[in-house]
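Take the sequence shown: its letter number 109 is residue 109 in the UniProt record's numbering, and every next letter is one higher.
All C-beta atoms, glycine included, are put in the ideal place defined by N, C-alpha and C.
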Amino acid sequence: MNFTSLPNAIILNLFEYFSLTELFQYFSDLNSRLNKLLYYEFQKFHLDLRSLSKREVNEIYQNYIPSIINQNISIHLSNDYATPHQIQSFISHDDYKLRQFLHLQSISISNLQCKQTLDKIITECSNLPYLTHLTLIRCNIEMNESDKQHFYNQIWNLPKLKYCHLNIDSHTRTSSLSSAVISKSLKYLTVKSDIFNHSIKYHVSWSREYVRTSFKKSSKFISIKMRFKRLYKWK
Numbered sequence: 001m002n003f004t005s006l007p008n009a010i011i012l013n014l015f016e017y018f019s020l021t022e023l024f025q026y027f028s029d030l031n032s033r034l035n036k037l038l039y040y041e042f043q044k045f046h047l048d049l050r051s052l053s054k055r056e057v058n059e060i061y062q063n064y065i066p067s068i069i070n071q072n073i074s075i076h077l078s079n080d081y082a083t084p085h086q087i088q089s090f091i092s093h094d095d096y097k098l099r100q101f102l103h104l105q106s107i108s109i110s111n112l113q114c115k116q117t118l119d120k121i122i123t124e125c126s127n128l129p130y131l132t133h134l135t136l137i138r139c140n141i142e143m144n145e146s147d148k149q150h151f152y153n154q155i156w157n158l159p160k161l162k163y164c165h166l167n168i169d170s171h172t173r174t175s176s177l178s179s180a181v182i183s184k185s186l187k188y189l190t191v192k193s194d195i196f197n198h199s200i201k202y203h204v205s206w207s208r209e210y211v212r213t214s215f216k217k218s219s220k221f222i223s224i225k226m227r228f229k230r231l232y233k234w235k
């Protein structure tokens with residue numbers, strides 16, 4: 001039995017094991033049946049631009065995103081040493097906006113250092129009706145208490161958000177999750193912060209289920225896991 005003789009359901013399952021670029025390189029234009037499965041039936045594209053060269057990213061922008069924008073369910077972006085402006089380039093692209101990825105379920109952002117870009121990302125996320133996962137990793141962004149209040153208000157307002165991982169150094173003496181907004185959807189929250197000897201103040205403003213916080217203080221990690229059944233305030 002060769003690949004093209006497999007049932008459609010099995011081929012669609014196999015597609016999940018390939019990256020976006022591999023899918024188009026290996027299966028596009030082989031025959032009309034595979035094209036139909038790839039362009040119309042497959043609904044689980046993952047757009048991962050981490051560690052890709054600028055040439056590869058530009059190829060994805062030009063050749064692939066227009067075809068899969070409504071079938072993409074996750075996005076991974078990073079401003080690492082090899083791709084220093086990747087996040088800003090994606091967010092400010094002329095041909096599409098983040099809010100156009102209407103079936104997006106998960107977004108992961110790494111190594112961001114621009115407050116304005118972060119604000120734009122979270123604002124765009126508010127227009128994504130299926131977004132359930134938000135991950136911010138190693139983000140070094142200077143924010144005052146007013147900025148953080150606005151930032152957390154935006155996150156708690158995301159209508160479908162269930163899983164949130166925040167690893168942000170905001171350069172302030174207090175680590176506050178204070179918000180006037182109560183999230184009705186958030187279930188799991190992970191917060192990682194290098195706070196050294198600074199004070200800790202949390203106003204936990206959601207109603208369920210698990211919260212995991214991890215702090216680094218004097219080179220020792222403290223992890224706390226709590227279950228919430230109603231609104232709590234922790235100082």
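Alpha carbon to alpha carbon, how far is residue i from residue j?
i      : j      : result
Asp169 : Ile137 : 10 Å
Phe196 : Cys114 : Here the model assigns Phe196 a pLDDT of 39, short of 50, so the residue's position is not dependable, and the following value carries that caveat. Rounded to whole angstroms, Phe196 to Cys114 spans 23 Å at the Cα level.
Gln86  : Leu47  : 13 Å
Met143 : Asn79  : 19 Å
Ala9   : Asn2   : 15 Å
Gln62  : Tyr17  : 23 Å
Ser218 : Leu112 : Because Ser218 sits at a pLDDT of 41, beneath the cut-off of 50, its placement in the model cannot be relied upon, and the point is left open.
Phe228 : Asp94  : Low confidence applies here, because Phe228 scores a pLDDT of 43, under 50, leaving its location unreliable and the question unanswered by this model.
Ser126 : Ile182 : 15 Å
Phe151 : Ser32  : 47 Å
Lys54  : Ala82  : 9 Å
Glu145 : Asp29  : 53 Å
Ser67  : Gln25  : 14 Å
Ile141 : His165 : 16 Å
Pro159 : Ile109 : 19 Å
Val204 : Ile122 : Note on Val204: pLDDT 45, under 50, position unreliable in the model; no value is reported.
Based on the DSSP output, what are the partners of residue i in its beta bridges?
i      : result
Asp48  : His76
Tyr26  : None, per the DSSP bridge assignment.
Lys184 : None, per the DSSP bridge assignment.
Cys164 : Leu134, Leu189
Cys139 : Ile168
Return yes when the Cβ of residue j is within less than 8 Å of the Cβ of residue i, no when it is not.
i      : j      : result
Lys184 : Asn167 : no
Lys97  : Thr132 : no
Leu49  : Leu77  : yes
Ile73  : Lys44  : yes
Leu38  : Phe27  : yes
Gln149 : Tyr130 : no
Gln154 : Thr117 : no
Ile65  : Ile107 : no
Using DSSP with H/G/I as helix, E/B as strand and the rest coil, what is residue i?
i      : result
His171 : coil
Leu134 : strand
Ser106 : strand
Cys114 : coil
Asn13  : helix
Asn35  : helix
Asn63  : helix
Asn157 : coil
Ser19  : coil
Closest by CA to residue i, which one among the options?
i      : options                        : result
Asn70  : Thr190, Ile11, Phe101, Leu12   : Phe101
Ile60  : Glu22, Asp29, Leu12, Asn157    : Glu22
Ser5   : Gln25, Asp29, Leu34            : Leu34
Tyr40  : Asn58, Glu56, Leu12, Ile75     : Leu12
Leu186 : His171, Cys139, Leu134         : Leu134
His171 : Thr190, Cys139, Asn157, Glu124 : Cys139
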